[in-house]
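Notes follow once the structure below has been shown.
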């Protein structure tokens, strides 16, 4: 009978696959539970960090499995490869986030106006957790933003504030932001868009098809006395506060949009902040840049410097 050597089984390779499955399942459950609102952000971050630590051990065990396969022909090549892949699924995005944590400034509040940032209409609810959090109004934090995000600035549009406000609301609606509070918006939007021509109500014209009823002729409204009763001027200032969430991870963000009319132009400032931790990983600056770019497209042709 031919001699057939018995290949040993690599215990490290087998454990790399088992622990890799557990690490991926832990990270996935943390993301899903946070996305649906069941798990708070600090707890989700803790679970993902734990899965990353496990993934490091999984990667080491898979390397041991490959070493045993190469030197003594131990079984476990497929298990080592599976463990390595599952470890990299966790470690690559965590590594990208860690690089942002190191390279970008440690701030959680970004604004287009560092000297006079828009003030919150309703202060965001921030709960205490194991993640540290500093004062966003610290001048040192604003200097860090100025050095890292010098391109995050406001926009000036050559148009009336009411028209720019409608564009701001349209862009926010496209992004599915939730309005929280506002100042000066109702007076600007109210009566801006007239009713379509020919849309006559039954109680105004007497019939539903737009034809006047001779028996019920509507009484004409009194003409306004413009000379003695001038119309109230529209406000030249408006602030809207929104609540947003990132698309994939569902990280909550609070957003302020401030509009100021100056002569024949309207200036738009923004402020965005995350609720947990002291580092936004650049998410707030990206939110402001993306929103202002979409606003530029919607108001194409009237954007100024």
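In my numbering, the protein residues as written are 3 to 307.
Backbone N, C-alpha and C fix where the C-beta goes; we use that ideal spot for every residue, glycine too.
(request) Please classify residue 120: is it buried, with 16 or more other beta-carbons within 10 angstroms of its beta-carbon, or exposed? (result) Counting Cβ neighbours within 10 Å, residue 120 comes out buried, since at least 16 surround it.
(request) Over the uninterrupted beta strand (DSSP E) stretch that includes residue 254, give me the two end residues. (result) For residue 254, the enclosing beta strand (DSSP E) starts and ends at 254 to 264.
(request) Determine the extent of the alpha helix (DSSP H) in which residue 295 is found, giving its start and end residues. (result) Counted as a single uninterrupted DSSP element, the alpha helix (DSSP H) harbouring residue 295 occupies residues 285 to 300.
(request) Classify residue 80 as buried or exposed, calling it buried when 16 or more other Cβ atoms lie within 10 Å of its own Cβ. (result) So residue 80 ends up on the exposed side.
(message) Please return the same chain residues whose Cβ sits closer than 6 angstroms to the Cβ of residue 277, not counting the five positions on each side in sequence.
(response) Non-local beta-carbon contacts of residue 277 in its own chain, meaning distances under 6 angstroms to residues more than five positions away in sequence, involve 126, 128, 254 in chain order.
(request) Tell me the start and end of each unbroken beta strand (DSSP E) in the region 60 to 147 that is at least 3 residues and wholly inside, in chain order. (result) 111 to 113, all fully within the region 60 to 147.
(request) Pull up the CB-CB distance for residue 283 and residue 102, whole angstroms please, since I reckon it's below 8 angstroms. (result) Right, their Cβ atoms sit about 4 angstroms apart.
(request) Specify whether the region 51 to 63 and the region 140 to 155 touch according to this definition: at least 3 beta carbon pairs, one from each stretch, less than 8 angstroms apart. (result) Touching, no, given that fewer than three Cβ pairs across the two stretches are closer than 8 angstroms.
(request) Can you give me the Cβ contacts of residue 92 inside the same chain, cut-off strictly under 7 angstroms, excluding the 5 residues immediately before and after it? (result) Annotation for residue 92: 25, 26, 29, 53, 54, 57 place their beta carbon closer than 7 angstroms to its own, counting only its chain and skipping 5 residues before and after.
(request) Along the beta strand (DSSP E) that carries residue 270, what are the first and last residues, could you check? (result) The continuous beta strand (DSSP E) containing residue 270 extends over residues 267 to 276.
(request) Could you have a look at residue 240 and say whether DSSP puts it in helix, strand or coil? (result) DSSP places residue 240 in strand when its eight states are reduced to three.
(request) Give the DSSP bridge partners of residue 11, in chain order. (result) In the DSSP output, where bridge partners are listed per residue, residue 11 has 77.
(message) Quick check: what's the CA-CA separation for residue 212 versus residue 302?
(response) In this predicted model, residue 212 has a pLDDT of only 48, less than 50, meaning its place in the structure is not dependable; the value taken from the coordinates is given anyway. One Cα belongs to residue 212, the other to residue 302, and the distance between them is close to 39 angstroms.
(request) Could you check which residue in 299, 298, 281 has the C-alpha nearest to that of residue 105? (result) In terms of Cα proximity to residue 105, the closest of 299, 298, 281 is 281.
(request) Give me the Cα-Cα distance between residue 87 and residue 174, rounded to the nearest whole angstrom. (result) When rounded, the distance between both Cα atoms is 39 angstroms.
(message) With the cut-off set at 7 angstroms, would you say residue 138 and residue 111 are in Cβ contact?
(response) Contact annotation: residue 138 and residue 111 have beta-carbon atoms nearer than 7 angstroms.
(message) Taking the alpha helix (DSSP H) that residue 174 belongs to, which residues open and close that run?
(response) Its alpha helix (DSSP H) spans residues 163 to 176.
(request) Run the CB neighbour count on residue 295, radius 10 Å, all protein chains shown included, and call it buried at 16 or more, exposed below. (result) Residue 295 is exposed by the Cβ-count criterion.
(message) Helix, strand or coil for residue 185? Go by DSSP, reduced to three states.
(response) Strand at residue 185.
(request) Kindly identify the DSSP beta-bridge partner or partners of residue 180. (result) DSSP lists 245 as the beta-bridge partner residues of residue 180.
(request) If I'm right that residue 291 touches residue 154 with Cβ under 8 angstroms, what's the distance once you round it to whole angstroms? (result) So it is a contact: roughly 6 angstroms between Cβ atoms.
(request) Ignore the nearest five residues each way along the sequence and tell me which others in residue 193's own chain have a CB closer than 7 angstroms to its CB. (result) For residue 193, the predicted model reports a pLDDT of 47, less than 50, meaning its position is unreliable; a value from the coordinates is still stated below. Cβ neighbours of residue 193 within its own chain (closer than 7 angstroms, five residues either side excluded): none.
(request) Specify, as a first and last residue, the run of the beta strand (DSSP E) that residue 159 falls within. (result) Per DSSP, residue 159 belongs to the beta strand (DSSP E) from 157 to 159.
(request) Please report how far the alpha carbon of residue 114 lies from the alpha carbon of residue 99, in whole angstroms. (result) Taking the Cα positions, residue 114 is about 24 angstroms away from residue 99.
(request) Evaluate residue 67 with the Cβ neighbour count: other Cβ atoms within 10 Å of its Cβ, from every protein chain shown; 16 or more gives buried, anything less gives exposed. (result) Buried.
(request) Please determine, among 33, 15, 123, 266, the residue with the shortest C-alpha to C-alpha distance to residue 273. (result) The shortest Cα separation from residue 273 among 33, 15, 123, 266 belongs to 123.
(message) Is the separation between the beta-carbon of residue 22 and that of residue 85 shorter than 7 angstroms?
(response) Yes, the pair counts as a contact, with Cβ atoms nearer than the cut-off.
(message) So the candidates are 11, 185, 178, 298; which of them puts its Cα closest to the Cα of residue 74?
(response) Cα-wise, what sits closest to residue 74 is 11.
(request) Kindly indicate which three-state DSSP category residue 154 falls into: helix, strand or coil? (result) Coil.
(message) Give me, in chain order, the residues of the same chain whose beta-carbon lies closer than 6 angstroms to that of residue 309; leave out the 5 immediate sequence neighbours on both sides.
(response) Examination of residue 309 is not possible in this model, given that the chain is present from 3 through 307 alone.
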